[in-house]
Amino acid sequence: MVFQHLFKRRGIQVAVLLLCLFLSACTSSTTPPTTSNNSTPSGGSPVQAKPPTIRVPAFSSGEQIAPTVKVLASVDPTVIVQFPLFPASIKSLFPDASALVTVIQGNPQTNDFDTVIVDVQKMPPNQKFTVFFTELSARPFGHAEYVGDLITREDGSGESIFHLIAFVAFAADARQSTVTSQDQSGSASGIQLEHVGLWFDGIAAARQVLHDPGLAGTPFDGGGGVLHAGPQALTDGQTLPVI
0 MVFQHLFKRR
10 GIQVAVLLLC
20 LFLSACTSST
30 TPPTTSNNST
40 PSGGSPVQAK
50 PPTIRVPAFS
60 SGEQIAPTVK
70 VLASVDPTVI
80 VQFPLFPASI
90 KSLFPDASAL
100 VTVIQGNPQT
110 NDFDTVIVDV
120 QKMPPNQKFT
130 VFFTELSARP
140 FGHAEYVGDL
150 ITREDGSGES
160 IFHLIAFVAF
170 AADARQSTVT
180 SQDQSGSASG
190 IQLEHVGLWF
200 DGIAAARQVL
210 HDPGLAGTPF
220 DGGGGVLHAG
230 PQALTDGQTL
240 PVI
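Below is the structure:
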């Protein structure tokens with residue numbers, strides 16, 4: 000009888016012991032390890048990451064820049080500028096149309112191109128436009144360079160991102176090697192293309208949107224005939240350079 004009592008007591012103790020071990024194992028498996036965001040070198044002191052220095056760089060040292068151009072704060076050696084575009088031929092029908100152009104120059108020692116972002120709002124909907132760099136912001140525009148296309152959505156918004164030379168874009172005629180002009184760094188070769196505009200890429204679409212069947216065509220799109228493009232839709236509207 001005494002033996003049976005001791006056996007039952009010993010069985011309860013064993014069961015309790017096993018239950019404690021089980022609970023301890025469960026607790027250990029669900030406890031996340033402790034981590035630290037700071038690395039500790041052999042010297043024993045944690046290393047704190049140093050935040051980059053933000054500055055507003057000088058955009059130009061060789062010429063005046065249009066007052067609409069805003070230089071944004073950035074990390075050296077990046078340069079970021081922004082400027083607006085205003086309605087041209089579409090002003091009477093789309094007076095609130097606008098665009099914000101952002102030009103980003105990364106590290107000039109490693110990048111051969113800039114990034115140009117064109118973001119438009121309240122434009123003619125479902126239309127294709129061409130983006131050009133030009134010598135002048137208004138007629139006769141002078142020398143020009145095709146950049147790319149932008150297509151608006153149903154609400155008149157749209158955006159395009161281009162990778163190309165922007166801050167030092169120029170046109171050159173090798174038959175006149177002595178032609179020079181001023182850019183942000185000083186005297187440079189060729190004719191600087193320091194303005195940005197958007198054109199209707201097709202004259203038929205422009206005539207329909209602007210309700211003007213007699214509207215003349217322009218050369219601001221490649222192919223499809225010499226004057227198959229439409230008029231300028233947006234302009235930077237500046238005499239001084241924006242890029």
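Residue numbers (numbering that gives the first Met the number 0): 0 to 242. Cβ coordinates follow ideal geometry from the N, Cα and C atoms, glycine included. Model, not experiment: these values are computed from the prediction.
Ala65: not part of any beta strand (DSSP E); DSSP gives it neither H nor E. The bridge partners DSSP lists for Gly196 are Phe131, Thr234. Taking the CA atoms as reference points, Tyr145 sits about 18 Å from Gly157.
Straight through space, the alpha carbons of Val80 and Gly155 are spaced by roughly 24 Å. Inclusion of Ile202 and Gly229 in the CB contact set at 8 Å is warranted, their separation being smaller than that value. Counting only runs of 4 or more residues that sit fully inside the stretch 142-194, no alpha helix (DSSP H) segment turns up. For Thr114, the pairing in a beta bridge is given by DSSP as Ile103, His162. With respect to the C-alpha of Ile116, the residue from Asp211, Leu163, Pro66, Ile64 having the closest C-alpha is Leu163.
Shown here for Leu135: same chain residues with a beta carbon closer than 7 Å to its own, the five before and five after excluded, namely Gly141, His194 in chain order. Taking C-beta atoms under 8 Å as the contact rule, Asp200 and Thr129 qualify, at a distance of about 5 Å. When secondary structure is reduced to three states using DSSP, Gln47 falls in the coil class, being assigned neither helix nor strand.
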